[in-house]
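Let me begin by presenting the structure, written as structure tokens, before commenting on it.
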Amino acid sequence: VETDVFRSLQYLPGVQSTGDVSARFYVRGGASNQNLVLIDGVTIYNPFHALGLFSVIDPDMINNIEFYKGGFSADLGGRLSSVIKIITKDGNKNRFSAKGSASLLSGKFLLEGPIPKGSFIFTGRKSYSTAILKKFLNDQNVPADFHDVFFKLNYANPEFLEGSKFILNGFFSGDKITNNDPRIEDHQWSNKVLGFKWFQVGDSPLFYELGINYSKFNGEIIPKESTVRQSKNDIEDITLQMDFTYMFDSKDEIGLGFHFKNIKTDLFVKNALGVNSDISIAAANISLYAKYKFMQLDFLGMDVGFRLNLATLSENRQSTIFEPRASFTLKPFDIIGIKGAIGLYQQELITVDNEKDVINLYEPWIIAPSYLKPSKAIHYILGLEVTPTKNLTFNVEGYYKNMFNLPVLNENKIWFSDPDFVSGKGESYGVEFMSKLSNSWMGFTVSYTHSYAYRMLDEKRYYPRYDIRDMVNCALELNFGKGWTASAMWTYNSGLPFTQVTGYYDKFYFENIYSNIDQFDPTHSYPIYGIQNLGRLPVYHRLDLGISKKIKIYDFDVEVDVSAINVYDRKNIFYFQRDTGKRVNMMPFMPSATLKVAI
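Quick look at the structure:
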């Protein structure tokens, strides 16, 4: 339906998803808010469109992606689980070009070309139909409207400053769900991002980079006359960073950096008991990092470093000051590689995430309150890679992650003085296998993950909703020549955990104490829940097929993509309705098509 980066990540071993309806992903047992998303070094706080179905990042603007599932180095911080570094295209420096495409959901365009001593790129995307979204949402009509815009300017003039490059980029996205029915709530959220970067190559083998970034996120739930809880969230992030890299003749590298981040968060939310929480926090994080990359030996590489937090966002004095990190790659033979990593990670930004919500439109962000210790995680990773031929590789990787001080929304809050969050613990571990076979006309990848994830709150241990025991992904790509390509993807997941309903009772609601009790029955069935997430849904599996054709029509490059999702119409369960017990399934068989035209 819509080519999407985050949905592609979900097919990698160790990356979990809770179903077809969301592009939100979970890495090695970590929550979704533990994933750091960077566009040209700028943090994106809510990278999702349309109920979380797709990401805000248009693949046409991407040059390359670096994805770290754990064990990332000292220059990256602020998250517990993973990092996605998206580097965007610079734009065509030789000629102007344009591209337009249309799917069943949205239309988009791209314009790029040269400017004096540089280049530019500009992309935009806008939804124009919500008919296809019904397939994702059990045939329910959702009046979703979204857009995103990206631009980037590059300038490099040796006459002005030799060895320098200046980059100015911006990204803006917005979503609205506006219902005509006053009894149904409205939603809206947006991202605003601006970044400036100066990259300099000196006469000596010293490279340095200066960046000034601004990122803002706004999200709001407008209840109108519905019973939905009101929520409003704002986060503003201003970041200054300086990074230095010195390269030795031996290929070794030293990396040093200074990062200053000033963040302000505002959150207004009403909990299930009707008690308001209005939280406004502003703070600054000042951190230094240093790392040494040992690269002079062909059979051994190491990256050893640390982060030093001189000032933290949290007012809690038990914040971690020192975060050591280390990783290595050892190749005793040409066809065998051994790799590993260990590190300590800290996160001071948290989200208000309710596990009982079936769909999260967005996760409100706040700085961890002073009564909470910042979240911490320790990563242990060890892997083996075997490459018997240049076309065939085998990978196996094991991990263990221990997490502390994980914030959980306090649904038992009764009085204003009660804390909004309580602290929990977590751990996850597993093993991942992946094999790739590729040549000029065919590529085949198969992966398998066996993993465990746990959370502990009030001395009670339970599974988070994204805990999946077994995952299998098989992908086949074929290039027939003459512009014809085809693909097939089959995926299998063992059942997701869910909280079972053990019974019901009639609960009396005093909605209007002056009403005549003979006119209506003020009692409603209220579910009695069992142990949290002790039940397991049935297994999930699905087959998707696609075929693409590229043709040349005069000066236009035309590409037609036709795909079919859930080819054999597997009835994968989404959830059970609490009030009726009715089963709601995920996407049925669904064909789709996209037309792309470039000049």
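In this text, residue positions in the sequence shown follow the working numbering: the first is 3, and each later residue adds one. Note that CB positions come from ideal geometry on N, CA and C, so glycine has one too. Quantities reported herein were computed from a predicted structural model and do not represent experimental measurements.
Alpha carbon to alpha carbon, how far is residue i from residue j?
{"i": "A603", "j": "P376", "result": "Outside the shown range of the chain, which is 3 to 601, sits residue 603, and nothing can be said about it."}
{"i": "S279", "j": "Y373", "result": "15 Å"}
{"i": "Y516", "j": "D508", "result": "In this prediction, Y516 scores a pLDDT of 49, lower than 50, which makes its location untrustworthy; the coordinate-derived value is nonetheless stated afterwards. Taking the straight line from one Cα to the other gives about 20 Å."}
{"i": "M249", "j": "L332", "result": "21 Å"}
{"i": "M154", "j": "S565", "result": "Strictly speaking, residue 154 in this sequence is Lys, with Met absent from that position. C-alpha separation (whole angstroms): 32 Å."}
{"i": "G432", "j": "F50", "result": "28 Å"}
{"i": "R572", "j": "R544", "result": "6 Å"}
{"i": "F522", "j": "V151", "result": "Model confidence at F522 stands at a pLDDT of 47, short of 50, so the residue's coordinates are unreliable and nothing is read from them."}
{"i": "G21", "j": "H189", "result": "22 Å"}
{"i": "Q579", "j": "N475", "result": "29 Å"}
{"i": "P326", "j": "G79", "result": "11 Å"}
{"i": "E365", "j": "T582", "result": "28 Å"}
{"i": "P334", "j": "F423", "result": "49 Å"}
{"i": "I567", "j": "N215", "result": "39 Å"}
{"i": "N1", "j": "S233", "result": "Residue 1 falls outside the range modelled here, since the chain spans only 3 to 601, and no answer is possible."}
{"i": "F418", "j": "E238", "result": "26 Å"}
{"i": "F252", "j": "F98", "result": "The sequence given here places Ser at residue 252; Phe does not occur at that position. Using only the alpha carbons, I get a separation of about 42 Å."}
{"i": "K438", "j": "L346", "result": "31 Å"}
{"i": "K128", "j": "Y506", "result": "45 Å"}
Please list, in chain order, all residues of the same chain as residue i whose beta carbon is under 7 Å from its beta carbon, the five residues on each side excluded.
{"i": "Y157", "result": "K119, G120 and F168"}
{"i": "G426", "result": "L408, V410, R457, M458 and L459"}
{"i": "A313", "result": "A286, N287 and I288"}
{"i": "Y130", "result": "S108 and G109"}
{"i": "N159", "result": "K119"}
{"i": "I88", "result": "L40, I41, I59, I64 and I67"}
If residue i and residue j are in contact, beta carbons under 8 Å, what's the gap, nearest whole angstrom?
{"i": "G257", "j": "G204", "result": "Not a contact, Cβ separation roughly 15 Å."}
{"i": "T267", "j": "W367", "result": "6 Å"}
{"i": "L242", "j": "F262", "result": "4 Å"}
{"i": "G54", "j": "R26", "result": "5 Å"}
{"i": "N35", "j": "I265", "result": "Not confirmed; about 14 Å, so no contact."}
{"i": "I86", "j": "L40", "result": "7 Å"}
Ignore the nearest five residues each way along the sequence and tell me which others in residue i's own chain have a CB closer than 6 Å to its CB.
{"i": "F435", "result": "V398 and Y450"}
{"i": "L480", "result": "M444 and A488"}
{"i": "D520", "result": "With a pLDDT of 48 at D520, under the threshold of 50, the modelled position of this residue cannot be trusted; read the value that follows with caution. Once the five neighbours on either side are set aside, D520 has no close Cβ partner at all."}
{"i": "P184", "result": "K226 and E227"}
{"i": "F174", "result": "V151 and K194"}
{"i": "Q18", "result": "Y28, Y468 and I470"}
{"i": "T389", "result": "I337 and T395"}
{"i": "S24", "result": "G54"}
{"i": "I549", "result": "A488 and V564"}
{"i": "G16", "result": "R30, K71, E434 and T451"}
{"i": "F74", "result": "V85"}
{"i": "G385", "result": "K341 and E399"}
Assign residue i to one of three DSSP states: helix, strand, or coil.
{"i": "G176", "result": "strand"}
{"i": "G93", "result": "coil"}
{"i": "R572", "result": "coil"}
{"i": "N6", "result": "Sequence check: residue 6 is Asp here, not Asn. Coil."}
{"i": "G537", "result": "strand"}
{"i": "S316", "result": "coil"}
{"i": "S496", "result": "coil"}
{"i": "S34", "result": "helix"}
{"i": "P61", "result": "helix"}
{"i": "G339", "result": "strand"}
{"i": "L11", "result": "helix"}
{"i": "G54", "result": "helix"}
{"i": "F423", "result": "strand"}
Would you say residue i lies against chain D (beta-carbon separation less than 8 Å)?
{"i": "S83", "result": "The question asks about chain D, but that chain is absent: this structure has only one protein chain."}
Decide if residue i is buried, meaning its Cβ has at least 16 other Cβ atoms within 10 Å, or exposed.
{"i": "N235", "result": "buried"}
{"i": "E350", "result": "buried"}
{"i": "I223", "result": "buried"}
{"i": "G339", "result": "buried"}
{"i": "M589", "result": "buried"}
{"i": "K293", "result": "buried"}
{"i": "S103", "result": "buried"}
{"i": "I553", "result": "exposed"}
Do residue i and the ligand FAD come close, with the Cβ less than 7 Å from some heavy atom?
{"i": "T180", "result": "The ligand content of the structure shown is nil, which means the ligand FAD is not present either."}
For residue i, collect the residues of the same chain with a Cβ closer than 8 Å to its Cβ; drop the 5 residues on either side in sequence, then sort them by chain order.
{"i": "D472", "result": "Y450, T451, H452, Y494, N495 and S496"}
{"i": "F558", "result": "V599, A600 and I601"}
{"i": "P61", "result": "T5, D6 and V7"}
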